[in-house]
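Visitor: Just dropping this structure here.
Number of protein chains: 2
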Amino acid sequence: MTGSGTQPRRLATVARACDIVAALNELGGAGVTELAEHVDISKSSAHAYLNTLREQHLVVRDEGRYRLSLEFLYLGNAVRHREPLFVYGQSVVEDLAADSGEYVHLMCEQHGFERNIYKSAGEHAVGGEYHTTKEQQPDYLHFTASGKAVLAALPEQRVDSIVEEHGLPEKTPNTITDPDELFAELSAIRSQGYAINDEEEVMGIRAVGAPIRDADGEVLGGISISGPTGRFTLDRCHEVFAEKITERANVIEAKLNMSSASESLR
Amino acid sequence: MTGSGTQPRRLATVARACDIVAALNELGGAGVTELAEHVDISKSSAHAYLNTLREQHLVVRDEGRYRLSLEFLYLGNAVRHREPLFVYGQSVVEDLAADSGEYVHLMCEQHGFERNIYKSAGEHAVGGEYHTTKEQQPDYLHFTASGKAVLAALPEQRVDSIVEEHGLPEKTPNTITDPDELFAELSAIRSQGYAINDEEEVMGIRAVGAPIRDADGEVLGGISISGPTGRFTLDRCHEVFAEKITERANVIEAKLNMSSASESLR
DNA sequence: TCGAGCGTTCGTCAAATGCGAACAATTATG
DNA sequence: CATAATTGTTCGCATTTGACGAACGCTCGA
Numbered sequence: 001m002t003g004s005g006t007q008p009r010r011l012a013t014v015a016r017a018c019d020i021v022a023a024l025n026e027l028g029g030a031g032v033t034e035l036a037e038h039v040d041i042s043k044s045s046a047h048a049y050l051n052t053l054r055e056q057h058l059v060v061r062d063e064g065r066y067r068l069s070l071e072f073l074y075l076g077n078a079v080r081h082r083e084p085l086f087v088y089g090q091s092v093v094e095d096l097a098a099d100s101g102e103y104v105h106l107m108c109e110q111h112g113f114e115r116n117i118y119k120s121a122g123e124h125a126v127g128g129e130y131h132t133t134k135e136q137q138p139d140y141l142h143f144t145a146s147g148k149a150v151l152a153a154l155p156e157q158r159v160d161s162i163v164e165e166h167g168l169p170e171k172t173p174n175t176i177t178d179p180d181e182l183f184a185e186l187s188a189i190r191s192q193g194y195a196i197n198d199e200e201e202v203m204g205i206r207a208v209g210a211p212i213r214d215a216d217g218e219v220l221g222g223i224s225i226s227g228p229t230g231r232f233t234l235d236r237c238h239e240v241f242a243e244k245i246t247e248r249a250n251v252i253e254a255k256l257n258m259s260s261a262s263e264s265l266r
Numbered sequence: 001m002t003g004s005g006t007q008p009r010r011l012a013t014v015a016r017a018c019d020i021v022a023a024l025n026e027l028g029g030a031g032v033t034e035l036a037e038h039v040d041i042s043k044s045s046a047h048a049y050l051n052t053l054r055e056q057h058l059v060v061r062d063e064g065r066y067r068l069s070l071e072f073l074y075l076g077n078a079v080r081h082r083e084p085l086f087v088y089g090q091s092v093v094e095d096l097a098a099d100s101g102e103y104v105h106l107m108c109e110q111h112g113f114e115r116n117i118y119k120s121a122g123e124h125a126v127g128g129e130y131h132t133t134k135e136q137q138p139d140y141l142h143f144t145a146s147g148k149a150v151l152a153a154l155p156e157q158r159v160d161s162i163v164e165e166h167g168l169p170e171k172t173p174n175t176i177t178d179p180d181e182l183f184a185e186l187s188a189i190r191s192q193g194y195a196i197n198d199e200e201e202v203m204g205i206r207a208v209g210a211p212i213r214d215a216d217g218e219v220l221g222g223i224s225i226s227g228p229t230g231r232f233t234l235d236r237c238h239e240v241f242a243e244k245i246t247e248r249a250n251v252i253e254a255k256l257n258m259s260s261a262s263e264s265l266r
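Right, dumping it as structure tokens:
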């Protein structure tokens, strides 16, 4: 029995508004009737929701179709610029991508999922294509390098609840789908200080990731470098990329700590 | 008497949820009590809103503070990639920025305001700093080059209603604040094909902008190049930048039309 | 140890919303 | 070009929902 305590109160109207935003995103815009069918509410309700969101400038109407407005771009930018990991990590990610020629990602954990904060493509970068338009399936932590690095740095009970909530879906034959196996892997990651993704998300792609912690030792997120198995042999992963990535993770940590140290001077 | 017809129905709960999102953005995160005071609702209500938004993954809680999640970054990216102006204009903007060394912006009109879709900074770029964290005042169309270019390409009655709704606030002594003056200016812009911002938004900065239209002649948005008055003399604006910017606007239009032409082949 | 402030829960009542039907507008079609 | 079919919009009513304030629990600091 896991579910303890009481659930916080839910506002159905707010939840539905969020569903509508999600639907508009998936559909890339919709008319009243189409949307009403998609989220299973009456036409008149759909109309009311859409027009309220439009009044709030989150939705625009163009030729009878309602679409999400560019307000989301502004909000997203603002959110990102408030993320310390982005503020202090952006240039580090760019440098490493330029030096190595590969793809470098900066991410953190939110709601038990992986969220990319920033990515930079080196000259020979492969993969990392973004889910732009279509339904973007959420990114799990257990099949990416930085994701596993973050999991390894999280309290075990947190990992437990994440696994319980989201499960360990399989993406490739190499994906870790067994909780015990995952915990063994996390333990290994803890001792070596970095994580390797050996074609566990996409066949043909390996990656190496490291966690980024704040001054108190809490994980803020992770950084990873990824590329084709040809250039990312297991040997090179352990020998050259592991060092590169942990070094850069350290640089970001240092920048973070310097900034928080100077903050406390006030 | 302007207000004709009836207003569409407003869902107060949805509007409040949007207010809360906006408040969290302005405050950069908040606790329950702080937020409740800021949007003037009870603590228990604030609690319910925040937890519903959290359940929907739009908000995260970290050390007792609620903040907007990176979901907004994903949504914003998706919105942008669905914008034809971005898809076909991004590389053009980058090229012009690189060639000229100046700031180049791609924008469109939404809700009577200017919304930036993409920007690229050339080597000597000045200005264009983004409102990242703090309360971002909306950008008006009447004091930017691309904004005026778009207004000039919009139906007059549309401009009327925009002016009526948002007014013509003054940003610098050069800002056009008189409707008649604005309409005269728009008329001039229509005949010359481009717009000039002569320190109307920021003192020391001039810009030249041009509209971008689809195959039916409807404006989709605008593109502008901006820089310090030293390099952007009025002469050079009219002679060299006006040609540059209209040429690039045309390139984007061509790309747009080619893509929509090939679409209709199905 | 105690107090102050914040976060959370609960019950009640007023208010807001969901629905369907009717109407208007727009587009497709013969 | 006229008519049909589809979509968007408005309205009134029944009912569910959310707002409030009080009380409780928790955390942090004095």
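Chains A and B supply the protein sequences, listed in that same order.
Per UniProt numbering, the first sequence starts with residue 1, numbered consecutively.
Per UniProt numbering, the second sequence starts with residue 1, numbered consecutively.
Where a beta carbon is used, it is the ideal one built from N, C-alpha and C, also for glycine.
(1) Which term fits E218(B), buried or exposed, when burial requires 16 or more other beta carbons within 10 angstroms of its beta carbon?
(2) Residue range of the beta strand (DSSP E) that I196(B) falls in?
(3) G167(B) to Y103(B), Cα distance in whole Å?
(4) Could you check the C-alpha separation between R54(B) and A17(A) for me, to the nearest Å?
(5) Answer yes or no: the CB of A15(A) versus the heavy atoms of the ligand COA, is any distance below 7 Å?
(6) Just to make sure I have the definition right: I need the residues of chain A whose C-beta is within less than 9 Å of the C-beta of E34(B). Which are they?
(7) Quick one: does S120(A) have its CB under 8 Å from some CB of chain B?
(8) So which residues of chain B does I117(A) contact, with C-beta pairs closer than 8 Å?
(9) Quick check on F232(B): does DSSP put it in helix, strand or coil?
(10) Compute the Euclidean distance between the alpha carbons of S260(B) and R61(A), then round it to the nearest angstrom.
(11) How long is the line joining the alpha carbons of D99(A) and I205(A), rounded to whole angstroms?
(12) Leaving out the 5 sequence neighbours to the left and right, which residues in its chain are closer than 6 Å to G221(A) when beta-carbon positions are compared?
(13) Could you list which residues in chain A have their beta carbon closer than 9 Å to that of Y194(B), in chain order?
(14) State the CB to CB distance for the pair E71(A) and H57(A), rounded to an integer number of angstroms; the pair is presumed to be in contact (CB under 8 Å).
(15) Considering only C-alpha positions, which residue in the set E200(B), E239(B), A249(B) is nearest to D139(B)?
(16) For I117(A) and Y194(A), what's the separation of their Cα atoms in angstroms?
(17) Are K92(B) and I245(B) closer than 8 Å when you measure CB to CB?
(18) Assuming contact is defined by CB atoms lying nearer than 8 Å, are residue 267(A) and T52(B) in contact in what I supplied?
(19) Closer than 8 Å by beta-carbon distance: list the chain A residues that pair up with N51(B), in chain order.
(20) For chain A, find out if any of its Cβ atoms is closer than 8 Å to the Cβ of P105(B); answer yes or no.
(21) Roughly how many angstroms lie between the CA atoms of G209(B) and H111(A), to the nearest whole one?
(22) Given that G28(A) touches chain B, what residues does it touch there, using C-beta distances under 8 Å?
(23) How would you write the range of the alpha helix (DSSP H) that G147(B) sits in, first residue to last?
(24) Using beta-carbon positions only, say whether I223(B) and G127(B) come within less than 8 Å of one another.
(25) Among E114(A), Y74(A), S120(A), which has the Cα closest to the Cα of G101(A)?
(26) Beta-carbon separation of A207(A) and S191(A) under 8 Å?
(27) Compare the beta carbon distance of G76(B) and N77(A) with 8 Å and say whether it is the shorter of the two.
(28) How many angstroms separate the CA atom of P155(A) from the CA atom of A188(A)?
(29) Can you pull the chain A neighbours of V14(B), defined as C-beta to C-beta under 8 Å?
(30) What did DSSP end up calling H105(A) once you bin it into helix, strand or coil?
(31) Taking Cβ to Cβ, would you say V163(A) is nearer than 8 Å to P173(A)?
(32) Going by other Cβ atoms of all chains shown within 10 Å of its Cβ, with 16 needed for buried, is L182(A) buried or exposed?
Guide: Let's see:
(1) Taking the first residue of the second sequence as position 1, residue 218(B) is located at position 218. Counting Cβ neighbours within 10 Å, E218(B) comes out exposed, since fewer than 16 surround it.
(2) Here the question's residue 196(B) lines up with position 196 in the second sequence. Run containing I196(B): 195-198, per the beta strand (DSSP E) assignment.
(3) On the second sequence, residue 167(B) is found 167 positions in, with the first residue counted as 1. On the second sequence, residue 103(B) is found 103 positions in, with the first residue counted as 1. Taking the straight line joining both Cα atoms gives about 27 Å.
(4) Counted from its first residue, the second sequence places residue 54(B) at position 54. Counted from its first residue, the first sequence places residue 17(A) at position 17. Going from the Cα of R54(B) to the Cα of A17(A) covers about 13 Å.
(5) The ligand content of the structure shown is nil, which means the ligand COA is not present either.
(6) Residue numbering aside, residue 34(B) sits at position 34 when the second sequence is read from its first letter. Result: empty, since nearest Cβ-Cβ is about 16 Å, beyond 9 Å.
(7) Position 120 of the first sequence, counting from 1, holds the residue named residue 120(A). So, not an interface residue.
(8) Taking the first sequence and counting its residues from 1, the one referred to as residue 117(A) is at position 117. Within chain B, the residues near I117(A) are L70, L73.
(9) Position 232 of the second sequence holds residue 232(B). F232(B): coil per DSSP, three-state reduction.
(10) Against the second sequence, residue 260(B) aligns to sequence position 260. Against the first sequence, residue 61(A) aligns to sequence position 61. If I take the Cα positions, the gap works out to 20 Å.
(11) By one-based count along the first sequence, residue 99(A) stands at place 99. By one-based count along the first sequence, residue 205(A) stands at place 205. Taking the straight line joining both Cα atoms gives about 19 Å.
(12) Taking the first sequence and counting its residues from 1, the one referred to as residue 221(A) is at position 221. Result list for G221(A): L85, M107, C108, I212, in chain order.
(13) Translated into positions along the second sequence, residue 194(B) becomes position 194. Under the 9 Å cutoff, chain A gives no residues; its nearest Cβ is about 23 Å from Y194(B).
(14) As a working note, residue 71(A) is residue 71 in the first sequence. As a working note, residue 57(A) is residue 57 in the first sequence. At roughly 5 Å, the Cβ-Cβ gap stays under 8 Å, so E71(A) and H57(A) are in contact.
(15) Along the second sequence, one-based indexing puts residue 139(B) at 139. Closest by alpha carbon: E200(B).
(16) The sequence position of residue 117(A) within the first sequence is 117, counting from 1. The sequence position of residue 194(A) within the first sequence is 194, counting from 1. Cα to Cα, I117(A) sits roughly 19 Å from Y194(A).
(17) Counted from its first residue, the second sequence places residue 92(B) at position 92. Counted from its first residue, the second sequence places residue 245(B) at position 245. Note that residue 92(B) is Val in the sequence shown, not Lys. Going by C-beta atoms, V92(B) is not nearer than 8 Å to I245(B).
(18) The requested residue 267(A) does not occur in the structure, where chain A is confined to residues 1 to 266.
(19) In the second sequence, residue 51(B) corresponds to position 51, counting from 1. The contacting residues are P8, R9, R10.
(20) Residue 105(B) sits at position 105 when you count from the first residue of the second sequence. Just to set this straight, residue 105(B) is His in the shown sequence, not Pro. Taking Cβ atoms only, chain A never reaches closer than 8 Å to H105(B), which makes this a no.
(21) Sequence index remark: in the second sequence, residue 209(B) carries index 209 (1-based). Sequence index remark: in the first sequence, residue 111(A) carries index 111 (1-based). When rounded, the distance between both Cα atoms is 43 Å.
(22) Taking the first residue of the first sequence as position 1, residue 28(A) is located at position 28. Going along chain B in sequence order, the residues near G28(A) (Cβ under 8 Å) are R82.
(23) Residue numbering aside, residue 147(B) sits at position 147 when the second sequence is read from its first letter. Element bounds for G147(B): 145-153.
(24) Counted from its first residue, the second sequence places residue 223(B) at position 223. Counted from its first residue, the second sequence places residue 127(B) at position 127. No, Cβ-Cβ distance for I223(B) and G127(B) is not below 8 Å.
(25) Indexing the first sequence from 1 puts residue 101(A) at position 101. The residue with the shortest Cα to Cα distance from G101(A) is S120(A).
(26) Working through the first sequence from its first residue, we reach residue 207(A) at position 207. Working through the first sequence from its first residue, we reach residue 191(A) at position 191. No, the Cβ-Cβ distance between A207(A) and S191(A) is not below 8 Å.
(27) Reading the second sequence from its first residue, position 76 is the one you call residue 76(B). Reading the first sequence from its first residue, position 77 is the one you call residue 77(A). Yes; because the gap between Cβ atoms is below 8 Å, this pair is in contact.
(28) Locating residue 155(A) in the first sequence gives position 155, counting from the first residue. Locating residue 188(A) in the first sequence gives position 188, counting from the first residue. The alpha-carbon atoms of P155(A) and A188(A) are separated by roughly 15 Å.
(29) Numbered from 1 along the second sequence, position 14 holds the residue referred to as residue 14(B). Residues of chain A passing the Cβ test: T13, V14, A17, Y49, T52, L53, Q56.
(30) The residue labelled residue 105(A) in the question sits at position 105 within the first sequence. Here H105(A) sits in strand by DSSP.
(31) For the purposes of this step, residue 163(A) is taken as residue 163 along the first sequence, with counting starting at 1. For the purposes of this step, residue 173(A) is taken as residue 173 along the first sequence, with counting starting at 1. Taking 8 Å as the Cβ cut-off, V163(A) and P173(A) do not qualify as a contacting pair.
(32) The residue you call residue 182(A) lines up with position 182 of the first sequence. It counts as buried.
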